[in-house]
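Under the numbering used here, read the sequence shown as residues 498 to 975, first letter to last.
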Amino acid sequence: MLLSWSCNRVFDAPEPFPDADIKATITIQDLKALHAVKGRFDRITADGVIAGVVTADDRSGNFYRSIVLQDNTGGIALLLERTGLYNDYPIGRKVFVKVKGLMLGDYRGLIQLGADVDVSDPADITLAGIAASLLSRYLVKGSLNNVVVPATVTKAQLTTALHDPYQNTLIRLNNAEFAVADSGATYANAKAKITGSYRLYTCTDTLVAVRTSAYATFAGIRLPAGNGTVTGIYSVFNSEKQLMIRDTADVQLKALRCTRVTVPDVEQPYTAGIALTASPLLLHFNALDSVLPQGMYLYTGATATGIGTATNFIHSRTSWANTSGGFKNYASAAGLQMQSTQAQQQAANDRAAGVRQVTVTDKGVAFVFEINNTTGKTGIELDWNMQSLDAGAERTTQWTVDYAQGLNPTVFTPLQTIPEVVITGGGRFSNTPIKVVLPEVLHNNSRKLTLRIAALQATAGSGSRATTAIDNVRISWR
Numbered sequence: 498m499l500l501s502w503s504c505n506r507v508f509d510a511p512e513p514f515p516d517a518d519i520k521a522t523i524t525i526q527d528l529k530a531l532h533a534v535k536g537r538f539d540r541i542t543a544d545g546v547i548a549g550v551v552t553a554d555d556r557s558g559n560f561y562r563s564i565v566l567q568d569n570t571g572g573i574a575l576l577l578e579r580t581g582l583y584n585d586y587p588i589g590r591k592v593f594v595k596v597k598g599l600m601l602g603d604y605r606g607l608i609q610l611g612a613d614v615d616v617s618d619p620a621d622i623t624l625a626g627i628a629a630s631l632l633s634r635y636l637v638k639g640s641l642n643n644v645v646v647p648a649t650v651t652k653a654q655l656t657t658a659l660h661d662p663y664q665n666t667l668i669r670l671n672n673a674e675f676a677v678a679d680s681g682a683t684y685a686n687a688k689a690k691i692t693g694s695y696r697l698y699t700c701t702d703t704l705v706a707v708r709t710s711a712y713a714t715f716a717g718i719r720l721p722a723g724n725g726t727v728t729g730i731y732s733v734f735n736s737e738k739q740l741m742i743r744d745t746a747d748v749q750l751k752a753l754r755c756t757r758v759t760v761p762d763v764e765q766p767y768t769a770g771i772a773l774t775a776s777p778l779l780l781h782f783n784a785l786d787s788v789l790p791q792g793m794y795l796y797t798g799a800t801a802t803g804i805g806t807a808t809n810f811i812h813s814r815t816s817w818a819n820t821s822g823g824f825k826n827y828a829s830a831a832g833l834q835m836q837s838t839q840a841q842q843q844a845a846n847d848r849a850a851g852v853r854q855v856t857v858t859d860k861g862v863a864f865v866f867e868i869n870n871t872t873g874k875t876g877i878e879l880d881w882n883m884q885s886l887d888a889g890a891e892r893t894t895q896w897t898v899d900y901a902q903g904l905n906p907t908v909f910t911p912l913q914t915i916p917e918v919v920i921t922g923g924g925r926f927s928n929t930p931i932k933v934v935l936p937e938v939l940h941n942n943s944r945k946l947t948l949r950i951a952a953l954q955a956t957a958g959s960g961s962r963a964t965t966a967i968d969n970v971r972i973s974w975r
């Protein structure tokens with residue numbers, strides 16, 4: 498979509514700086530308002546200038562090829578195809594951006610300003626940054642050492658709406674702490690290059706997930722165990738509320754933790770789930786005509802703070818294109834083709850556990866694996882094949898992998914998948930290998946571990962919903 502201003506109105510600019518012969522003509526809030534539809538790309542065709550102070554740069558490596566600008570109306574991520582941006586655009590510098598010719602988009606609901614559409618991955622079209630050679634055309638440097646005071650907010654003030662006023666702004670959360678179970682974990686897995694994501698809590702509620710790049714200079718530092726304040730850039734990833742810190746100085750958790758009952762000391766050992774006896778442990782689905790693998794369960798109504806409601810599995814063999822809802826016994830995509838007939842699917846001995854989503858299960862379906870414990874186990878990985886089976890299903894489903902500990906899990910912590918985005922549907926027939934490296938906090942632990950492969954957000958698009966299956970589930974460790 499092409500964008501232009503509806504009039505030549507000049508908005509009130511922030512205080513002018515004598516070292517930059519340029520003024521803002523629109524606010525960041527009004528610029529972002531031009532991006533009205535999630536997932537769309539909007540070219541800006543009219544003259545306009547925004548001005549903001551840099552609140553995040555790439556010095557620590559947690560922000561990559563991007564900076565975040567903020568004025569008194571909001572913030573926006575600016576994608577720039579260069580490293581070492583902090584040398585020219587450090588935190589505290591005022592930057593003016595000439596927006597004509599640039600493009601607005603969003604990444605999983607987080608609005609960004611860049612140059613063009615990146616179609617290098619047809620399955621995941623994103624916004625490309627401004628080329629390094631063109632930075633001087635669009636960006637004008639202003640004064641240094643400007644201070645942006647973070648807004649102290651509560652969980653109730655933060656949403657995942659496309660135009661949430663706190664999105665891409667500097668915020669502060671009080672009375673925050675990481676989970677006891679995450680004590681000893683590092684911000685990210687620098688060795689395996691796995692992004693870290695750990696939830697913050699208050700004494701009575703969950704807050705947001707602190708997300709850290711594996712390439713951040715502080716990725717290998719352990720999470721602090723106390724209570725206090727955490728400052729960072731508020732972001733979203735679909736339905737997930739996230740906080741991106743600039744460095745560990747943003748995390749001031751030095752006070753005493755909340756007083757709460759800790760359950761690990763009183764939990765009874767769990768024995769009804771998956772026992773990690775010999776690595777790798779393979780979960781086979783070729784007996785689905787009669788039984789699910791030990792320790793595997795199926796749920797509807799799953800959320801980030803609830804496991805949902807256990808549901809039944811339809812053991813009779815079902816074709817990929819069958820549109821009735823439920824968890825079902827499908828032929829695996831391995832060894833078959835998109836054009837395989839219903840008879841070929843029925844005859845296939847290689848089976849996969851799957852689900853057909855319908856209106857009432859548009860979100861909240863989950864494949865759940867309950868592991869008795871990880872005592873004596875390190876380097877734990879989960880691998881499986883994610884299969885999109887009905888090429889006639891146009892809607893897309895995005896899948897999340899998360900975990901919880903304890904006999905009765907309530908709050909789930911997201912894990913990074915490889916590849917990072919897992920989507921089924923969209924008219925695709927696919928059989929994609931997926932890997933998850935479990936964080937160190939889950940190593941050598943006597944508590945029950947619940948792992949979920951879940952669709953926690955509504956499907957996207959129109960038409961019928963996907964038939965999604967999992968196969969070749971493998972848990973390995975050292």
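All C-beta atoms, glycine included, are put in the ideal place defined by N, C-alpha and C.
Measure how close the beta-carbons of residue i and residue j come, nearest whole angstrom, since I'm counting them as under 8 Å.
i	j	result
N453	A830	Since the first residue shown for the chain is 498 and the last is 975, residue 453 is missing from the structure and cannot be characterised.
T964	W817	5 Å
V521	A548	Note on identity: in this sequence residue 521 is Ala, with Val being the wrong assignment. Between A548 and A521 the Cβ distance is about 4 Å, and since that is below 8 Å, they are a contact.
D568	I627	With 8 Å as the limit, D568 and I627 do not qualify as a contact, their Cβ atoms being about 19 Å apart.
V594	L582	The Cβ separation is near 14 Å, so there is no contact.
S694	T910	7 Å
S787	W974	Between W974 and S787 the Cβ distance is about 29 Å, and since that is not below 8 Å, they are no contact.
F782	A850	5 Å
R853	G823	6 Å
K638	V592	6 Å
G589	L641	6 Å
L615	T623	A quick correction: the sequence has Asp, not Leu, at residue 615. Yes, D615 and T623 are in contact; Cβ-Cβ is about 5 Å, under 8 Å.
K671	T649	Per the sequence shown, residue 671 should be read as Asn rather than Lys. Correct: roughly 6 Å between the Cβ atoms.
I730	T856	At roughly 36 Å, the Cβ-Cβ gap does not stay under 8 Å, so I730 and T856 are not in contact.
M793	L785	So it is not a contact: roughly 10 Å between Cβ atoms.
Helix, strand or coil: how does DSSP classify residue i here?
i	result
E475	An answer regarding residue 475 cannot be provided, because it is not within the stretch 498 to 975 covered by the chain.
Y827	strand
K690	coil
L912	strand
L935	coil
S959	coil
V650	coil
Y635	helix
V857	helix
A951	strand
D899	strand
Q843	helix
L582	helix
A715	As written in the sequence, residue 715 is Phe, which differs from the Ala given in the question. Coil.
M835	coil
K738	strand
I877	coil
L904	coil
A722	coil
L577	strand
R975	coil
Which one or two residues does DSSP pair with residue i in a beta bridge?
i	result
I882	Here residue 882 turns out to be Asn, not Ile, going by the sequence shown. The partner list for N882 (beta bridge, DSSP) reads P930, D968.
A849	Y827
T921	T894
S640	DSSP lists no partner for S640.
V748	V727
G572	Q567
V645	V645 is not bridged to any residue.
T709	G693
D943	The question names Asp, but residue 943 in the sequence shown is Ser. Paired residues: none, contrary to the question.
Looking at the C-beta of residue i, does it have a partner C-beta in chain C at a distance below 9 Å?
i	result
T875	Here chain C cannot be found, since the structure has a single protein chain.
Task: At least 3 beta-carbon pairs within less than 8 Å: the stretch 960-969 vs the stretch 897-912 - done: no
- [ ] Kindly provide the ranges of any beta strand (DSSP E) runs that are 3 or more residues long and lie completely inside the stretch 584-629, ordered along the chain.
- [x] 591-595, 600-604, 607-611, 613-615, 623-625
TODO: Inspect the CB distances between the stretch 860-877 and the stretch 943-955 and report whether three or more fall short of 8 Å.
DONE: yes
Task: Segments assigned beta strand (DSSP E), at least 3 residues, entirely inside the stretch 512-569 - done: 539-541, 546-553, 563-568
Open item on the list: Any contact between the stretch 941-948 and the stretch 866-879? By contact I mean 3 or more CB pairs, one from each, below 8 Å.
Closed with: yes
- [ ] Report the residue ranges of all beta strand (DSSP E) runs contained in full by the stretch 656-706; include only those spanning at least 3 residues, in chain order.
- [x] 667-675, 693-698
Task: beta strand (DSSP E) runs contained entirely in the stretch 764-833, provided each spans 3 or more residues - done: 778-780, 793-797, 810-814, 823-828
TODO: Check whether the stretch 720-731 touches the stretch 744-751, taking contact to mean three or more Cβ pairs, one atom from each stretch, closer than 8 Å.
DONE: yes
Task: Cβ pair count under 8 Å reaching 3, the stretch 667-685 against the stretch 697-715 - done: yes
- [ ] Determine, using beta-carbon pairs with one atom in the stretch 659-672 and one in the stretch 917-931, whether at least three such pairs fall under 8 Å.
- [x] no
TODO: State whether the stretch 553-561 contacts the stretch 603-621, with contact taken as three or more CB pairs (one from each stretch) at a distance under 8 Å.
DONE: no
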